[in-house]
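To keep things clear, I will list the structure first and then write my remarks on it.
Protein chains in written order, with the numbering used here: chain A, 3 to 356; chain B, 3 to 356.
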């Protein structure tokens, strides 16, 4: 299928078109490692910032004033749609999200509402509109959602989990309850992502961050069918990035599920992953966020290694393998973005075969 | 090199010799999911049980009285050698190990003692001798240690970790300190594993459980050289199992590092992993421990899937993909072990090609 061709390097790379250099953005590029962000966070809670369109827009734009990244990503959280669906949560200090009443049985799942995101999450759509206006076309804006497994695991476990035992228990012991839960979440995600596109998002990323806890067989049976529906249901005018961590043995199934670009973490070599995925998808990744704590020389070596693995093939978007870590030195982020642009333009991006 | 041929199915499988059925044992098979274990734990702390040879021997033998497993593994903990090296730790309730003074700089590393395990950890050697006597040759006994990266990460992070940021910081910022630390740990592990063989261990497993947090490039640079030294330094008369989790992109490097058998977690299909590793190593694994919480029908399906992936090739040892979980129903463990024996003898183990 022909897709819109766009002059932005980031969007061109999503569709595997040649670009003069490798575009780069960073997951959680608007976040705690930035002084400006921490200053705002002193005055507002994380959720207050997500729910206030002006603040969300301001935070979205903060990294763009400092780093030459090739895309903005709307400031929000993957858990945002869960609250209007009927699941309350808080962010405990330094602990991540805590759900006070985890979803454990059929009755809990039946109570979940399949919401209309434009009505229930208007602040996000407004933030997207504000950012688009402020950006004045400088770089494209990415919208996003969590993946269905990742969201399901949060509400079943009640927060982060080591073994995902409650989630797997529901999958194995109560597959019909699991099916109902995944159907409800998936329907909401299709609506949510399409609403973001209508508001102005020019690309989408699905963060199914925790699928790597599953065996390939479980992923295929309990997750893939719902992902397929989501990728099928979302507006094809914008490219979709399909991201997970610890997925090196799930890559061919992730590709089957959908997405124009597969997002990798650092636990797999980019060239091996791309070979396994084949040339029909783009690749995003895959620097270990911890590398940004190393000396500049070490960062340089790692960036070069990844760019050489991508070998100038159109379709590579440089990124971290997961969100940037809170104490990352800002000056290393500046250096990273510049390095990616500099080295990749030398490798001869744009002259690569299509 | 020719190794000793042994009549035990478990040891034969370690050397990829045909067996009448697929041997099976379970990581942490002596543990909290067993009533008999919990009864003892009411009277003694975990570390008291590790350090008392009679108690350690009793706990080692508990699962053998209930399940038809094909090997015993000495009851101990991977952290045991760290205390005499000079790092104190406790097990906080439900929290895992806590190190009161994590190792962070060169001075900390210099203070670590390279111990003689026979003198400093005599209780483990005595427990091994006691178990061998009690077993009367019924099944072989496995000794074990943690892997060098995994042990280093515990003492640097001070316990479990999500990002291993302090560990990676040392690797990237202070590579000479990291080198000294890994050399000291590796030397202790060689001595520790050889001492276990002298005491009577008939096979060894190296649990490098947390290496999966590393990129292949970091693994190759910062971990592999030390693993090689360990595998080279340990008595070749006994087979060695080399285990890690989230390693599906590290498998060829793990093989390069050493081991007669590579232990897999469930995040990779056994057949794909074996293909990537080649026929010169055995495979251990790889049922998701969470599957034991599913209904018997589901467990049966998963066991059959794994055995079919192994396809009756000599060299498969059935196991979980990580330690058995504390609340696992005992009767499901009984069923699992019996299933593995029954199904694998039907697949025609023993008639496979060598």
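Positions of the beta carbon are idealized from the N, C-alpha and C atoms, including for glycine.
Here the structure is a predicted model, which is why all the values come from computation and not from measurement.
Residues are counted here when their Cβ sits less than 7 Å from a Cβ of chain A; for the region 310 to 342 of chain B these are 327, given in chain order. Using a CB distance below 9 Å, the part of the region 219 to 230 of chain B facing chain A consists of 219, 220, ordered along the chain. Residue 47(A) counts as exposed, since fewer than 16 other beta carbons sit within 10 angstroms of its beta carbon. Nearest C-alpha to residue 342(A) among 83(A), 330(A), 314(A): 314(A).
With a cutoff of 7 Å on beta-carbon distance, residue 157(B) and residue 213(B) are scored as not near each other. Shown here, residue 177(B) sits in a helix according to DSSP, grouped into three states.
Following the DSSP letters along the chain, one finds residue 147(A) inside the beta strand (DSSP E) bounded by residues 143 to 148. Taken atom to atom, the span from the alpha-carbon of residue 60(A) to that of residue 78(A) is near 12 Å. In the three-state scheme derived from DSSP, where H, G and I count as helix and E and B as strand, residue 73(B) is classed as coil.
Interface annotation, residue 163(B): not in contact with chain A, CB-CB separation never under 7 Å. Straight through space, the alpha carbons of residue 126(B) and residue 221(A) are spaced by roughly 41 Å. Spanning the alpha carbons of residue 36(B) and residue 30(B) requires a straight line of approximately 11 Å. Taking the C-beta atoms as reference points, residue 250(B) is found nearer than 7 Å to residue 250(A).
Taking C-beta atoms under 8 Å as the contact rule, residue 266(A) and residue 287(A) qualify, at a distance of about 4 Å. Residue pairing from DSSP places residue 288(A) in a beta bridge opposite 321(A). As summarised for the region 212 to 299 of chain B, the continuous alpha helix (DSSP H) elements at least 4 residues long and confined to that stretch are 218 to 224, 226 to 235, 253 to 259, 272 to 279, given in chain order.
With a threshold of 7 Å between beta carbons, residue 28(B) makes no contact with chain A. Using a Cβ-Cβ cut-off of 7 Å, residue 196(A) does not count as an interface residue toward chain B, since no Cβ of chain B sits closer than that to its own.
Bounds of any alpha helix (DSSP H) do not take in residue 100(B); it lies within the beta strand (DSSP E) bounded by 98 to 101. Taking all protein chains shown into account, residue 148(B) has 16 or more neighbouring C-beta atoms within 10 Å of its C-beta and is therefore buried. It is roughly 16 Å from the alpha-carbon of residue 272(A) to the alpha-carbon of residue 349(A).
Look at residue 64(A) here: in three-state DSSP terms it is helix.
Residue burial is scored here from C-beta neighbours: residue 11(B) has at least 16 other C-beta atoms within 10 angstroms and is therefore classed as buried. Rounded to the nearest whole angstrom, the C-alpha separation of residue 256(B) and residue 244(B) is 8 Å. The criterion of a C-beta distance shorter than 7 Å is not satisfied by residue 281(B) and residue 194(B).
Taking a cut-off of 8 Å on C-beta distances, the region 103 to 110 of chain A touches the region 164 to 176 of chain A, as three or more cross pairs fall below it. The region 319 to 334 of chain A makes no contact with the region 194 to 212 of chain B; the number of CB pairs closer than 8 Å stays below 3. Closest by C-alpha distance to residue 97(B), out of 17(A), 163(A), 316(A), is 163(A). The C-alpha of residue 180(A) is placed about 32 Å away from the C-alpha of residue 322(A). For residue 340(A), the uninterrupted alpha helix (DSSP H) run begins and ends at 332 to 349, by DSSP. With 16 or more other CB atoms across the displayed protein chains lying within 10 angstroms of its CB, residue 64(A) is buried.
For residue 35(B), no chain A residue has a Cβ inside 8 Å of its Cβ, as the nearest lies near 13 Å away. Within the region 255 to 273 of chain B, contact with chain A at the beta-carbon level (separation under 8 Å) is assigned to 268, 269, 270, 271.
Taking 7 Å as the cut-off, the beta carbon of residue 150(A) is found no closer than this to the beta carbon of residue 117(A). Residue burial annotation: residue 324(B) is buried, with at least 16 other C-beta atoms found within 10 angstroms of its C-beta. Using a Cβ-Cβ cut-off of 8 Å, residue 292(B) is close to 165, 166, 167, 170, 171, 174 of chain A, given in chain order.
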